[in-house]
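The structure appears below as C-alpha cells.
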Amino acid sequence: MRPTFVLAFLTSSVCSVLSGPVGDKAPIIKRAALVKPNSYIIKLKDGVPKSAHIAGLLSGSKVAYTYDRAFQGYSAQLEGKALEYVRQSKDVEYIIQDEIVKLQDISTSSAQVTTRNAWYESSPLVKRVNGTGVDVYQIDTGIYTAHTQFGGRAKWGATFGGVRTFLFEPVQQPTDITFDPALASLIVGSTYGVATRANITAIKGRSIGSIRHPFGDDGSANLSDVIQGINWVITTAASTGRPSIISLTVTISGYQPFDNAVTNAINAGIHVVVAAGDQNVDASTISPARVTVAVTVGAVVANGNKLSTSNFGSVVDVWGPGKNVPVAWITSPTAAVNLVGTTSSAASNVAGILAVAIDNHGNKSPAALQADLKSNAQTVNGFLIPKVW
Numbered sequence: 001m002r003p004t005f006v007l008a009f010l011t012s013s014v015c016s017v018l019s020g021p022v023g024d025k026a027p028i029i030k031r032a033a034l035v036k037p038n039s040y041i042i043k044l045k046d047g048v049p050k051s052a053h054i055a056g057l058l059s060g061s062k063v064a065y066t067y068d069r070a071f072q073g074y075s076a077q078l079e080g081k082a083l084e085y086v087r088q089s090k091d092v093e094y095i096i097q098d099e100i101v102k103l104q105d106i107s108t109s110s111a112q113v114t115t116r117n118a119w120y121e122s123s124p125l126v127k128r129v130n131g132t133g134v135d136v137y138q139i140d141t142g143i144y145t146a147h148t149q150f151g152g153r154a155k156w157g158a159t160f161g162g163v164r165t166f167l168f169e170p171v172q173q174p175t176d177i178t179f180d181p182a183l184a185s186l187i188v189g190s191t192y193g194v195a196t197r198a199n200i201t202a203i204k205g206r207s208i209g210s211i212r213h214p215f216g217d218d219g220s221a222n223l224s225d226v227i228q229g230i231n232w233v234i235t236t237a238a239s240t241g242r243p244s245i246i247s248l249t250v251t252i253s254g255y256q257p258f259d260n261a262v263t264n265a266i267n268a269g270i271h272v273v274v275a276a277g278d279q280n281v282d283a284s285t286i287s288p289a290r291v292t293v294a295v296t297v298g299a300v301v302a303n304g305n306k307l308s309t310s311n312f313g314s315v316v317d318v319w320g321p322g323k324n325v326p327v328a329w330i331t332s333p334t335a336a337v338n339l340v341g342t343t344s345s346a347a348s349n350v351a352g353i354l355a356v357a358i359d360n361h362g363n364k365s366p367a368a369l370q371a372d373l374k375s376n377a378q379t380v381n382g383f384l385i386p387k388v389w
C-alpha cells in the first residue's frame with residue numbers, strides 16, 4: 001500500500017482514474033443489524049484488477065481478504081481518509097458494512113431421543129445409500145469431528161475470523177456448542193444422516209463478540225469471513241476435482257455480496273444447498289435463499305405441513321423435515337438430542353440426498369441436479385418433498 005504523502009506527487013490524470021468528483025462517490029450501504037466497526041466489503045466494478053486497486057490504497061487501510069474466486073472485491077477495515085479514498089475511486093461500485101451474523105441458532109428438546117416419528121420413518125428421506133466419493137463442505141460454527149456418527153469421515157478445513165485465521169483443527173471441548181455436530185450428522189451421520197459414506201469438511205466462521213467469548217466462539221461470524229469460507233471451498237474443490245456440495249444455513253436480510261459468492265460457487269460447478277430461513281417471511285427477501293440457482297430448502301413438520309417459522313415463497317425449491325429431528329450432539333462422542341425445528345435441519349437432509357444422487361447417477365451441473373431433485377420429489381400437502389433416487 002502506498003503512504004498517504006505519495007498522493008501529493010500523483011499526476012492529475014492518475015488522480016482522475018482513482019478519485020472521481022465528490023458527486024461520484026461510491027455509496028456506503030449501511031445495515032440495520034450489528035456490524036463489525038469500520039469493516040466493509042468493497043465491490044469493484046467488473047473488469048477492475050483487484051491487485052492494482054489494492055496496491056493503490058492509502059496507508060492505514062487494513063485489507064482482510066481479497067476474494068479471488070467468490071466475489072469481485074475485497075474486505076477491509078477503513079476509517080477517515082482511507083475510507084474516503086476508496087469511496088472516490090472509479091474502480092468501486094459500492095461499499096457495504098460488514099454485518100455480524102449468527103451461524104447457528106439451534107434449539108434442542110430435553111425429551112429422550114427416540115426413533116423418528118412415523119411420517120419421517122416412512123419418508124424417502126431416510127433411505128440411506130451412501131454418497132461415496134462426494135465431499136460436503138459445511139460453512140458454520142464447526143463440527144465435533146470425533147463424534148462416532150462420522151466414523152473418521154469428518155475433518156477440519158479452515159477457520160476464518162476471530163483473533164486469527166488457521167487451517168488446523170482447534171481443540172474441541174465437550175459442551176462447546178460452537179463445534180456442534182448436529183447438522184453435519186443429518187448430512188453424513190451413520191445413524192441420523194442420509195449420505196452415510198460421504199465426507200464432510202468443516203469451515204468455521206468466528207467473530208470477536210464479547211468479553212464472555214473473546215475469541216468469537218459465541219456462534220457468530222462476520223459476513224466477510226463467511227464469504228472467505230466460500231472462496232476457500234471454491235479453490236479447494238477445484239484442486240480435488242471431486243464432486244462437491246456446500247451446505248449453508250446462514251441466513252440474513254438481503255446482502256448482495258453473499259448472493260454473489262453463492263452464485264460464483266455454483267458457476268464453478270459446486271452444488272449449494274441453502275436454508276430458506278426461519279422468520280416466517282417470503283424468502284425472496286433473504287440471502288442467500290433468494291439465489292435462484294441455489295437449492296433453497298424450507299421446513300415441514302411431522303404431518304407434512306409447513307413449520308410455522310419456516311420462510312416460504314417462490315424461491316423455495318423443496319421442503320424437508322424440520323421439527324423434532326434426532327441429531328448428534330457435542331457433549332460426548334455418542335451424544336444425541338432432538339432439534340426443536342429449523343430450516344437448517346431440512347437443508348442438511350437435502351444436502352445428503354444430493355450427495356447420494358451424485359454417487360448413484362454421477363455428477364452433473366448444479367442446474368441439472370437441481371432439476372432432477374425436483375422431478376424425483378413427491379408432493380405432500382402441496383409441498384415438494386425430495387427423495388433419494
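Throughout the sequence shown, residue numbering follows full-length UniProt numbering, covering 1 to 389 in sequence.
Note that CB positions come from ideal geometry on N, CA and C, so glycine has one too.
Keep in mind the model is a prediction, meaning the values are calculated, not measured.
* Cβ contact (3+ pairs, closer than 8 Å) linking the region 191-205 and the region 74-82 -> no
* To do: From the DSSP output, in three-state form, read off G216 for me.
  => With a pLDDT of 46 at G216, under the threshold of 50, the modelled position of this residue cannot be trusted; read the value that follows with caution. In the structure shown, G216 sits in coil (DSSP, three-state: anything other than H, G, I, E or B).
* Asked: At what residues does the alpha helix (DSSP H) containing L354 begin and finish?
  -> T343 to H361
* Range covered by the alpha helix (DSSP H) that runs through H53 -> K50 to A55 is the span of the alpha helix (DSSP H), which, as asked, contains H53.
* **Cβ separation of S284 and S348, assumed to be a contact under 8 Å, to the nearest whole Å** => With 8 Å as the limit, S284 and S348 do not qualify as a contact, their Cβ atoms being about 22 Å apart.
* Can you give, in chain order, each stretch of the beta strand (DSSP E) that sits fully within the region 262-300 and has at least 3 residues? -> 271-275 and 295-300
* Provide the residue span of the beta strand (DSSP E) that contains T251, from first to last. => Counting along the chain, T251 falls outside any beta strand (DSSP E), and DSSP gives it neither H nor E.
* To do: Could you name the residues of the same chain whose beta carbon sits closer than 6 Å to that of G304, not counting the 5 residues immediately before and after it, in chain order?
  => Excluding positions up to five away in sequence, the list reads V380 and N381.
* To do: May I ask you to report which of helix, strand or coil DSSP gives P37?
  => Looking at P37 - three-state DSSP - the assignment turns out to be strand.
* Below 6 Å CB to CB, which residues in the same chain sit around A33 once its five sequence neighbours on both sides are set aside? => E99
* Asked: Going by Cα to Cα distance, which pick from S220, G60, A368 and S253 is closest to V293?
  -> A368
* Assign Y144 to one of three DSSP states: helix, strand, or coil. => Three-state result, Y144: coil.
* To do: Pick out the complete beta strand (DSSP E) segments inside the UniProt domain "Inhibitor I9" (60-104), 3 residues or longer, and give them in chain order.
  => 62-67, 73-77 and 92-102
* **Beta carbon of G352 nearer than 8 Å to that of G151** => no
* Answer with buried or exposed for R290, where buried requires no fewer than 16 other C-beta atoms within 10 angstroms of its C-beta. => buried
* From the DSSP output, which residues share a beta bridge with Y137? -> T201 and I246
* I187: first and last residue of the uninterrupted alpha helix (DSSP H) it sits in -> A182 to V188
* To do: State the start and end residues of the unbroken beta strand (DSSP E) segment that holds N338.
  => A336 to L339
* To do: Measuring alpha carbon to alpha carbon, tell me which of A64, A55, Y65 and L339 ends up nearest S89.
  => A55
* **The alpha helix (DSSP H) enclosing T240, as first and last residue numbers** => L223 to T240
* Asked: Hey, quick one: how far does the alpha helix (DSSP H) through L373 stretch, first residue to last?
  -> P366 to S375
* Taking V388 as part of the beta strand (DSSP E), name the residues at either end of that continuous run. => No beta strand (DSSP E) contains V388, which DSSP labels as neither H nor E.
* To do: On the DSSP bridge assignment, give the partners of A328 in chain order.
  => A336
* To do: Name the one or two DSSP bridge partners that P321 has.
  => DSSP, once it has assigned bridges, lists V300 as partnering P321.
* Asked: Buried or exposed: which applies to A238, given that a residue is buried once 16 or more other Cβ atoms fall within 10 Å of its Cβ?
  -> Around the Cβ of A238, a 10 Å sphere holds fewer than 16 other Cβ atoms; the residue is exposed.
* Please state if the CB of R242 and the CB of D372 are separated by a distance shorter than 8 Å. => no
* For G219 versus F160, is the C-beta spacing smaller than 8 Å? -> no
* By the 10 Å Cβ neighbour count, where 16 or more other Cβ atoms means buried, how is H361 classified, buried or exposed? -> So H361 counts as exposed.
* To do: Please list, in chain order, all residues of the same chain as A146 whose beta carbon is under 6 Å from its beta carbon, the five residues on each side excluded.
  => P333
* **Q378 in three-state terms, based on DSSP** => In the structure shown, Q378 falls within a strand segment according to DSSP collapsed to helix, strand and coil.
* Asked: Can you tell me whether DSSP reads F258 as helix, strand or coil?
  -> If DSSP states are grouped into helix, strand and coil, F258 belongs with the helices.
* Under 8 Å between the Cβ atoms of T251 and I286? -> yes
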